[in-house]
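Novice: In the numbering used here, the protein residues as written are 131 to 420.
Structure provided below as structure tokens; questions to follow.
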Amino acid sequence: MDSEEQIINEWRNEKPKPVVESNQINILKKYVEMTVKRFNHGLIITGRAGLGKTYATINILKELKADFKYKSGYITALGLYKFLYANRANNILLDDLEGLTGNENTVALLKTALWEANGKRIISYETTSKQLEDTPTAFEFTGTIIILANEIKSRKNESFKALLSRAINFNLTFKHSEVLSICFEILKQRDLTDEQVKVIKDVLENEIEASTTFNLRLFDRLINMVKFDRDNAKELFLLSLKDDEDVVLVYGLMKRKELSVKQQYYLFNSKTGKSRRTFYRIKGKIKEVI
């Protein structure tokens with residue numbers, strides 16, 4: 131066993147950490163359980179960055195005592211083929227892999243891994259490359275695949291549409307109020323003083339608006355800043371936030387009840403010079419979290 135695999139195995143075998151309950155998390159648990167119990171070959175989980183897709187999925191797998199193989203970072207088609215062969219009977223978790231869904235060859239491999247032809251899922255890879263080494267040019271895959279991604283950019287591609295149709299697709303999304311509720315639950319589990327908790331609650335309750343793309347990574351940043359310098363943590367944290375000015379503008383216009391949507395757009399356009407399409411795209415994203 132090489133050092134990389136040993137590190138991943140040690141991390142994978144740690145005790146599960148608590149996952150805050152919510153309707154979305156409960157649905158995710160059912161889909162993950164269905165997959166590892168082999169009632170489903172593939173699960174594609176998407177959602178904006180920082181909402182805990184990886185954390186929740188891994189700890190759900192640990193709660194289920196499901197053995198799984200993990201891969202993240204970057205992968206080529208040949209690298210994916212060899213990884214699938216090495217773990218052909220296992221539950222596989224592919225986490226935000228660059229080169230996975232935007233490459234026709236990797237998509238083709240995933241399609242054959244997730245769909246039976248005459249009762250078997252046979253994956254093949256023809257190449258003259260010596261890098262295939264001792265890996266056969268075809269094998270039967272009997273495992274499962276869970277893919278985690280912030281967003282899927284190839285949905286209009288016909289080949290990728292075929293891949294999506296061969297897996298359960300679940301978009302993990304939370305309203306702004308739900309993110310804050312999760313944060314308050316996590317606070318109960320952290321080893322913090324009453325004074326530290328007071329500072330954190332003040333920021334959550336009084337400084338974070340729905341226009342801010344607040345997420346659990348930012349929440350961890352806030353906690354660490356409070357631990358580091360409680361007295362100045364609030365100012366340090368707020369200075370570290372980089373709100374999208376267009377999002378803040380649209381959210382402010384949406385809160386002005388006297389304005390029609392048409393008037394909101396004209397004001398947005400007059401201040402930014404940007405298109406109606408951009409306005410409605412931003413408006414749609416805001417509606418997802420409020």
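Cβ atoms here follow ideal geometry from the backbone N, Cα and C, with glycine treated the same way.
1. If you draw a straight line from the C-alpha of V149 to the C-alpha of K183, how long is it?
2. Tell me, to the nearest whole angstrom, how far the beta carbon of T231 is from that of F304; I am working on the premise that it is less than 8 angstroms.
3. DSSP three-state label for F198, please.
4. Answer yes or no: do L262 and I253 have a C-beta to C-beta separation smaller than 9 angstroms?
5. If you run the structure through DSSP and keep just helix, strand and coil, what is Y204?
6. Would you say I330 and T176 are within 9 angstroms of each other, going by their C-beta atoms?
7. Rounded to the nearest angstrom, what separates V166 and N221 at their Cα positions?
8. Drop a sphere of 10 angstroms on the beta-carbon of N345, count the other beta-carbons inside from all chains shown, and report buried for 16 or more, exposed for fewer.
9. Going along the chain, which residues of its own chain have a beta-carbon closer than 6 angstroms to the beta-carbon of I98, five neighbours each way excluded?
10. Looking at the strands, I want to know which residues DSSP matches up with I277.
11. DSSP state of F271, grouped into three classes?
12. Whose C-alpha, out of Y396, A268, F358, L293, is nearest the C-alpha of L244?
13. DSSP has S254 in a bridge; who is on the other side?
14. Around the Cβ of L224, are there at least 16 other Cβ atoms within 10 angstroms (buried) or fewer (exposed)?
15. Between N233, N156, P266, L194, which has its C-alpha nearest E288's C-alpha?
16. Can you say whether I137 is buried or exposed, counting buried as having 16 or more other CB atoms within 10 angstroms of its CB?
Specialist: This is what the structure gives:
1. Linking V149 to K183 through their CA atoms gives a straight-line distance of about 11 angstroms.
2. Incorrect: roughly 23 angstroms between the Cβ atoms, too far for contact.
3. In the structure shown, F198 sits in a strand (DSSP, three-state: E or B).
4. Cβ atoms of L262 and I253: not closer than 9 angstroms.
5. DSSP places Y204 in strand when its eight states are reduced to three.
6. Taking C-beta atoms as the reference points, I330 and T176 fail to come closer than 9 angstroms.
7. Going from the Cα of V166 to the Cα of N221 covers about 6 angstroms.
8. Classification for N345: buried.
9. Residue 98 cannot be examined here, being either before or after the span of the chain that is shown, 131 to 420.
10. Note: I277 sits in a beta bridge opposite I174, L224.
11. Reduced to three states, the DSSP call for F271 is coil.
12. The residue from Y396, A268, F358, L293 with its alpha-carbon nearest to that of L244 is L293.
13. DSSP lists A268 as partners of S254.
14. Of the other Cβ atoms in all chains shown, 16 or more fall within 10 Å of the Cβ of L224; this residue is therefore buried.
15. Nearest C-alpha to E288: N233.
16. I137 sits exposed, since fewer than 16 C-beta atoms from the chains shown fall within 10 Å of its C-beta.
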